[in-house]
Amino acid sequence: GRLGLHYAHLDSGAPGPSGAKADLHRIDRFFFAVTRDVDWKGWTSAHVREYLERQSIYVAPGGALNDLDGIARDNGRDATDLLGQFQLHYATPLIREKSQEIELRTALTALARAQVVPDAVTPTTEEVILGWLAGHAGLAAELKKVHIYNRIDLANARHMLASVCRWIPRTGRAGAVVVLDFRPYERVKMPESRRQAVTMERLREAIASRVPHEEMQEILAEADAAPPITYGDVAYRQMLQLLRRFIDEIEELERFCLVVLTSPDYYSGDSGRNFYDYDALQTRIGLEVHDTRRANPVAALVHLEDAG
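The structure is reproduced here in C-alpha cells:
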C-alpha cells in the first residue's frame, strides 16, 4: 500500500478460494490468507535486481534477469562467472539464513535462481514453488527435486508465517498489517425453524406498525437470503486459542500487526458467545494487551522499539 506495508484483510464470513468456509482458526488457512496477495515472483525479482545493483552489475532498463549472456556482455563479464558470483554471494547466504524456516529459505532461493536460470522442463521450478506457497497439492515429486519435503500445514504454518514476516522487510516493505474479521465466530448458528419464527415475528410487527411496502420487502428478502456463515463450538474455541497464541508469541512475528474486528456486544456477558468464554485469552488481553488510562479492551498496548 501507500505506506509500504503488506496488507491483508481476512474475512472469516466470506467463502475461501474453494467456496467452503475460510476456516481461519486453522493456522495453515490463516497463513495462506495472509500471503494470498504476496507477489512472490515479483518481490523476489526485485530483490535480485537490488542485489545486482549493489554489486554494480548493470541490468539494462526493462532487461530480463534470465538474459545472462546479455547482462554479462553489458558488464564485460563471463556469464558462467557471473552465475557463480550470484550463487556464492546471493543464493548461498539466503539458504543459510538461520532466522527463517529451512523450507522457506529453500523455496525463496530456488525461486530467485529460477529468475536468473529458468527451467526448460514442465512444470518449471517457478511453477512448483509458487504452487507450494499457495498450498496446492500433488507436487510432492517435483518439490523433492528442489529439496522441499513438506507441505505448509498445521505443523509448520506458524513458523512459516514468522519467517515470511522476517522476509517481507527485505523486499522493501516496512512490514505486514493483517485485519481479521472475527465477528462471524461470534455468531451461533440459528436453526431453520427459529429463523422462520423470527421472520414471522418481524412481519407481524411490521404489519401492526403499518411500515412501508419497501420495508416489508426487505424483511422478506433477508428471509430468502442464504444464512450468514457461522462456526461451531470447536472452531470458535480454536480461534480463541489462535488469538491467545498470537499474543504469547508476538515477539516471534517481526513487523507484524494483527487487528481483530469484533462486535461491541462481544464484551458483555449477555451475548451467547462473549469475551468471557476463554479465561486464558481474557487474562492476556487484560494483563498484556493493556492501556493504563482506558478500560480494556478499548485500547491496546503497542511496543515501539528504537530503530536508531
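Numbering (my numbering), first residue to last: -3 to 304. Ideal Cβ placement from N, Cα and C applies to all residues, glycine included.
Per-residue DSSP class, three states only, for Y145: Sequence index remark: in the sequence shown, residue 145 carries index 149 (1-based). In this structure, Y145 counts as coil in the three-state DSSP scheme.
Continuous alpha helix (DSSP H) stretch holding V30: start and end: In the sequence shown, residue 30 corresponds to position 34, counting from 1. First-last of the alpha helix (DSSP H) with V30: I23 to T31.
Contact check, I243 vs R280, beta carbons under 8 Å: The residue given as residue 243 occupies position 247 in the sequence shown. The residue given as residue 280 occupies position 284 in the sequence shown. Here I243 is near R280, since their CB atoms are less than 8 Å apart.
Cutoff 7 Å; reference A158; Cβ partners in own chain excluding five residues on either side: Within the sequence shown, the letter at position 162 stands for residue 158. Excluding positions up to five away in sequence, the list reads E248 and L249.
Strand pairing of G171, partner residues [DSSP]: Within the sequence shown, residue 171 is the residue found at index 175, counting from 1. L1, per the DSSP bridge assignment.
Pairwise C-alpha distance: S189 and L90: In the sequence shown, the residue the question calls residue 90 occupies position 94. In the sequence shown, the residue the question calls residue 189 occupies position 193. One C-alpha to the other measures close to 59 Å.
Local Cβ density within 10 Å of I125, reported as buried at 16 or more and exposed below that: One-based indexing of the sequence shown puts residue 125 at position 129. Classification for I125: buried.
Cβ shell of R154 (< 6 Å), same chain only, five flanking positions each side left out: Start at 1 with the first residue of the sequence shown, and residue 154 comes out as number 158. Within the same chain, I23 come within 6 Å of R154 by CB-CB distance, once the 5 residues on both sides are set aside.
Inter-residue Cα distance where the pair is E123 and A103: On the sequence shown, position 127 is the one that residue 123 refers to. On the sequence shown, position 107 is the one that residue 103 refers to. One C-alpha to the other measures close to 11 Å.
Assumed close pair L96, W163 - CB separation to whole angstroms, cut-off 8 Å: Position 100 of the sequence shown, counted from the first residue, corresponds to residue 96. Position 167 of the sequence shown, counted from the first residue, corresponds to residue 163. At residue 96 the sequence reads Gln, which differs from the Leu that was named. 6 Å between Cβ atoms; contact.
Inter-residue spacing [alpha-carbon to alpha-carbon] between T120 and R179: Position 124 of the sequence shown, counting from 1, holds the residue named residue 120. Position 183 of the sequence shown, counting from 1, holds the residue named residue 179. Rounded to whole angstroms, T120 to R179 spans 41 Å at the Cα level.
Of the residues V174, I144 and D261, the one placed nearest R251, counting alpha carbons only: In the sequence shown, residue 251 corresponds to position 255, counting from 1. R251 has its Cα closest to that of V174, out of V174, I144 and D261.
With 16 other Cβ atoms within 10 Å as the buried cut-off, status of H132: Residue numbering aside, residue 132 sits at position 136 when the sequence shown is read from its first letter. By the Cβ-count criterion, H132 is exposed, with fewer than 16 other Cβ atoms from all chains shown falling within 10 Å of its own Cβ.
Chain B within 8 Å of M196, Cβ atoms only: Here there is only one protein chain, and chain B is not present.
Distance between A106 and H5 (C-alpha atoms, nearest Å): As a first step, residue 5 is located in the sequence shown; it is residue number 9 there, counting from the start. As a first step, residue 106 is located in the sequence shown; it is residue number 110 there, counting from the start. When rounded, the separation of the alpha-carbon atoms in H5 and A106 is 29 Å.
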